[in-house]
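Let me begin by presenting the structure, written as structure tokens, before commenting on it.
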Amino acid sequence: MNEYLAIILRSSAVYFFMVIALRLFGKKELSQLNTADVILILLISNSVQNAMVGNDTSLWGGLAAASVLFSINFILKKLMYKYPRFSDFMQEKPEILIHDGNLDFKSLSKLNITSDELKEAMREHGIEYFKDVKLAMLEIDGNISIISGNQNLKQTYHKRKHIHKSLSGIN
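Sequential numbering of the sequence shown, starting at 1, is according to our numbering.
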């Protein structure tokens, strides 16, 4: 039983390390996964697996680690729902990128969002000019949502992703 207690403690430590790391690196990183990001996730999962289960490669050791991860995630979600201050601590707030056609350069700079990324999101929403954007926000999940000013406040939603522009022929 002592070995399972060690798995529980190590899995908990790894989970909280990953929560802190994602909080430090920002929400933008959550939604735009390119090839390097996928490789990073695979390598991190492989490296922390050993930290969680140690030498125990049994089915029960793996199930114990997975159960701990699911349990912690479930508890944190419940706590964030019940305690708004805790939720504020755990999650970043949505950020305004464009308001009434005016870009918030301070927010864009802080979030490392380039004008090309913002223009891509606008094109995917069928919007050509900044002046036509009523509101563009980077949401807490890392996606950009846009409300167009010239379409009776029709809301559209953009899932940030990177596509090889050479394949689409758009620059």
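Glycine included, each C-beta is placed from N, C-alpha and C at the ideal position.
- According to the DSSP secondary-structure assignment, residue 136 is paired through a beta bridge with 98 and 146.
- Following the DSSP letters along the chain, one finds residue 81 inside the alpha helix (DSSP H) bounded by residues 59–82.
- Counting C-beta atoms within 10 angstroms of its own C-beta, residue 64 has 16 or more neighbours from the protein chains shown and is therefore classed as buried.
- Annotated as proximal: residue 146 and residue 127, with beta-carbon spacing under 8 Å.
- Judged by their CB atoms, residue 89 and residue 79 are not nearer to each other than the 8 Å cut-off.
- Membership of residue 56 in any alpha helix (DSSP H) is not indicated, and neither H nor E is assigned to it by DSSP.
- The beta-carbon separation of residue 107 and residue 132, rounded to 19 Å, does not stay under the 8 Å limit for a contact.
- Note that the C-beta distance between residue 56 and residue 7 is below 8 Å.
- Put simply, the backbone Cα of residue 19 is about 29 Å away from that of residue 120.
- Here the C-alpha atom of residue 105 lies approximately 13 Å from the C-alpha atom of residue 136.
- Under DSSP, residue 108 forms no beta bridge with any residue.
- Between residue 138 and residue 97 a beta carbon distance of about 6 Å is seen, short of the 8 Å cut, so the two are scored as contacting.
- By the criterion of a C-beta distance shorter than 7 Å, residue 69 is surrounded in its chain by 11 and 15, once the five residues flanking it on both sides are discounted.
- Residues of the same chain with a CB within less than 8 Å of the CB of residue 76, apart from the 5 flanking positions on each side, are 19 and 90 in chain order.
- The C-alpha of residue 52 lies about 13 Å from the C-alpha of residue 59.
- Across the set 24, 42, 50 and 61, the C-alpha of 61 shows the shortest separation from the C-alpha of residue 3.
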